[in-house]
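Visitor: Quick note on my numbering: the sequence shown kicks off at 62 and runs consecutively.
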Amino acid sequence: MDHSVPTDPKLERVFLSHDEDNSGFMDHVELQSALNELGVRVSPNELSSIIKAVDANSDGKLSLAEFASIFGAAKLRAIFNEIDVDMSGQISVAELQGALSKLGYKLPESTIKKILKKVDKDTSGEVDFDEFKEFFKYVPATSLALLAKSWAESVSVDCGSDLAPPTVSPDVPWHYAVLGGIGGVASRTLTAPLEKVKLAAQTGSGGVSILKELRSTHAALGFRGLFAGNGANCLRVFPYAGIVTLCYLSFLTLTPADNDLDPMEPVYRGSCAAAAGILGQLATYPIDVVRARLTVSPEKYSGVYDCFKSVAKEGGRRALYKGLTPTVFAVAPFLAFQMSTADALKSLCADKDIEVTTPLMMGIGGTAGIVAQTFVYPLDVLRRRMQVQGGGSAANVNVISDSTWTAMRQVVQREGARSLFAGIGATYMKVFPAVAIAMTTTKELIGYSKRNWE
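Dropping the structure here:
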């Protein structure tokens, strides 16, 4: 391999400063550190590909010449020509959009223009090779995929890095399920006392005072009583949130979803979110039934396993799926409204060049949760009443039919239509921080993962 590449003074300085053992060669750890100084973030797989592309003797180490060759103008020219389909010597918005689309980055024209503008120094609306070469001077030019990633990230374009991304990367790593699960557990644990109040309001026959319910629970069961059932809650939430996160991001890659605020965008995102929610519920619903029983009547059971046995003994295996129909009818539209609302707000911020900071993300998540909860709340009330029937709180729960629509008529006839919104105040207090924490935590974890692991 020819390594007669003139060494850029900056590259030589970076090489020498990161050649910690002064061996004249750079291993993968030293290369990672050098690229970080140059502002380039690569995954372990990308790092291995870079080394493999220029390592002449395949010893896993790079000389100064090999290091400099990573950034060679010849490689940049080849990638430039790959994007410049009409060979005009200029990269247009349409050509860049087409190149990124082939790599799985579904970006609208408005975002492509922002990306192009970052490199277009003469503001001509197109990028020539000199502008291209200058911008990517210190980015490894080993593949179009690596340059595309760097180009998109230069304007903080979100390529699938959170629970509700405005754009979607072609591959969704499996560990996103774990990160989504962690976000769900953090959210549910921090809002567990409010979940207790919400359930009491939904399953009782009268009004519930939030502070009074918290005080009475604390007086009767102590501080731990405020978190009754949270163990089962987390056992259910971790796989559920993980499944929803992974499925939602995966399903989005199969749709034309991008970042534009057009009429079809909420349909794509809402449908993907609803499908992800249904799969998550089917996989974890029995744990949710147990969790509801433990939250409402913790004194009746010695633990999660005891509650499982008691529920199955009372009504057989079907009892573990009691209320599944209204749950699916409630959860699917809830996630559809939640995700599409959050994504619409994020897209609005992008259009106005507003950075989605952590506090703003929490506000977006909380608002999306409130909007979604308002639309589906009556079905949520019904499913909770079905779940806790027979759970030892018969004095507070009137027996209702197993049929969703029959049960709704019974509740309205006995207690009035307003009863379908029982506890909505407590629910708002719980949903806003819950969704805000879940979405923000998941976003930050996946963002960290993309920067350090992928």
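Ideal placement from N, C-alpha and C gives every residue a C-beta, glycine not left out.
If you're wondering where the values come from, they're calculated on a predicted model, not measured in any experiment.
Once the 5 residues before and after F196 are set aside, which same chain residues still bring their CB inside 6 Å of it?
Guide: Closer than 6 Å at the Cβ level, and outside the excluded window around F196, lie V180.
Visitor: Could you check whether T501 and T419 sit closer than 8 Å to each other, using their CB atoms as the reference points?
Guide: Yes, the Cβ-Cβ distance between T419 and T501 is below 8 Å.
Visitor: If you scan the stretch 128–158 from start to end, which runs of the alpha helix (DSSP H) of 4 or more residues do you find wholly inside it?
Guide: You should have 134–144.
Visitor: When the Cα of I152 is compared with those of L125, D120, G186, which residue comes out closest?
Guide: Looking at the Cα atoms, G186 is the closest of the given residues.
Visitor: Can you have a look at P439 and say buried or exposed, based on whether 16 or more other CB atoms are within 10 angstroms of its CB?
Guide: Answer is buried; the Cβ neighbour count reaches 16.
Visitor: Label M148 either buried or exposed according to how many other C-beta atoms from any shown protein chain fall within 10 Å of its C-beta, with 16 as the threshold for buried.
Guide: Exposed, since its Cβ has fewer than 16 Cβ neighbours within 10 Å.
Visitor: For S222 and K122, what's the separation of their Cα atoms in angstroms?
Guide: Interpretation of S222 is limited by its pLDDT of 34, a score under 50 that renders its predicted location unreliable; no figure is taken from the coordinates.
Visitor: Helix, strand or coil: which one does DSSP assign to L123?
Guide: If DSSP states are grouped into helix, strand and coil, L123 belongs with the strands.
Visitor: In this structure, does DSSP put V188 in helix, strand or coil?
Guide: V188 falls in the strand class under three-state DSSP.
Visitor: CB A302 to CB A499, shorter than 8 Å?
Guide: Result yes, Cβ atoms of A302 and A499 sit closer than 8 Å.
Visitor: Leaving out five residues on either side along the sequence, give the residues of the same chain with a beta carbon under 6 Å from the beta carbon of A495.
Guide: So the qualifying residues of the chain are S248, T252.
Visitor: Would you call the CB atoms of T316 and C333 closer than 8 Å?
Guide: Yes.
Visitor: Is the distance from the Cβ of Q342 to the Cβ of V392 below 8 Å?
Guide: Taking 8 Å as the Cβ cut-off, Q342 and V392 qualify as a contacting pair.
Visitor: Compute the beta-carbon to beta-carbon distance between Q434 and Y489, rounded to the nearest angstrom, for a pair I have assumed lies under 8 Å.
Guide: The Cβ separation is near 7 Å, so the contact holds.
Visitor: Could you check where the alpha helix (DSSP H) with P547 kicks off and where it finishes?
Guide: The requested residue 547 is not part of the displayed model; the chain covers only 62 to 515.
Visitor: Alpha carbon to alpha carbon, how far is I173 from F312?
Guide: Roughly 23 Å between the two C-alpha positions.
Visitor: Rounding to the nearest angstrom, what Cα-Cα distance links R297 and I304 in this structure?
Guide: When rounded, the distance between both Cα atoms is 11 Å.
Visitor: Judging by CA-CA distance, which residue of D441, R479, A478, S401 is the nearest neighbour of E256?
Guide: If we check each option's Cα against that of E256, D441 comes out closest.
Visitor: Classify P327 as buried or exposed, calling it buried when 16 or more other Cβ atoms lie within 10 Å of its own Cβ.
Guide: Result: buried.
Visitor: Return the chain-ordered list of same chain residues with a C-beta closer than 8 Å to the C-beta of E192, the five sequence neighbours on each side being excluded.
Guide: Same-chain partners within the cutoff: V180, D181, K182, D183.
Visitor: Provide the residue span of the alpha helix (DSSP H) that contains T172, from first to last.
Guide: Where T172 is concerned, the enclosing alpha helix (DSSP H) stretches over 170–180.
Visitor: If you count every other CB in all the chains shown that lies within 10 Å of the CB of V90, and 16 or more means buried, which is it?
Guide: The residue is exposed, with fewer than 16 neighbouring Cβ atoms inside 10 Å.
Visitor: For my contact list, H236 and S510 are in at a C-beta cut-off of 8 Å; report their separation, rounded to the angstrom.
Guide: Confirmed, about 7 Å.
Visitor: Count the other CB atoms, across all protein chains shown, that sit within 10 Å of the CB of M325; report buried if there are 16 or more and exposed otherwise.
Guide: When all chains shown are included, M325 counts as exposed.
Visitor: Would K206 pass as a contact of A160 if the rule is Cβ separation under 8 Å?
Guide: First, the residue type needs correcting, since residue 206 is Ala and not Lys in the sequence shown. Not in contact: A206 and A160 (Cβ atoms no closer than 8 Å).
Visitor: Is it buried or exposed, L77, if we count other Cβ atoms within 10 angstroms and call 16 or more buried?
Guide: With fewer than 16 other Cβ atoms within 10 Å, it is exposed.
Visitor: In the DSSP assignment, what residue or residues form a beta bridge with M87?
Guide: Its beta-bridge partners are L123.
Visitor: Check for me: the alpha helix (DSSP H) holding G376 runs from which residue to which?
Guide: Start and end: 365–376.
Visitor: Measure the alpha-carbon distance for N97 versus Y329 and round it to whole angstroms.
Guide: So the two alpha carbons sit approximately 37 Å from each other.
Visitor: Note down, one range per segment and in chain order, each alpha helix (DSSP H) of at least 4 residues found wholly within the stretch 376–449.
Guide: Runs of the alpha helix (DSSP H) inside the stretch 376–449: 385–412, 419–449.
Visitor: What does the Cβ neighbour count give for E360, buried or exposed, with the cut at 16 atoms within 10 Å?
Guide: It is exposed - the Cβ of E360 has fewer than 16 other Cβ atoms within 10 Å.
Visitor: Look at the Cβ atom of I140, then the Cβ atom of P201, and state whether they are nearer than 8 Å.
Guide: In this structure, P201 does not lie closer than 8 Å to I140 by Cβ.
Visitor: Nearest by alpha-carbon distance to A403: which of F390, G331, K163 is it?
Guide: For A403, the nearest C-alpha among the options comes from G331.
Visitor: Please return the same chain residues whose Cβ sits closer than 8 Å to the Cβ of A280, not counting the five positions on each side in sequence.
Guide: Excluding positions up to five away in sequence, the list is empty.
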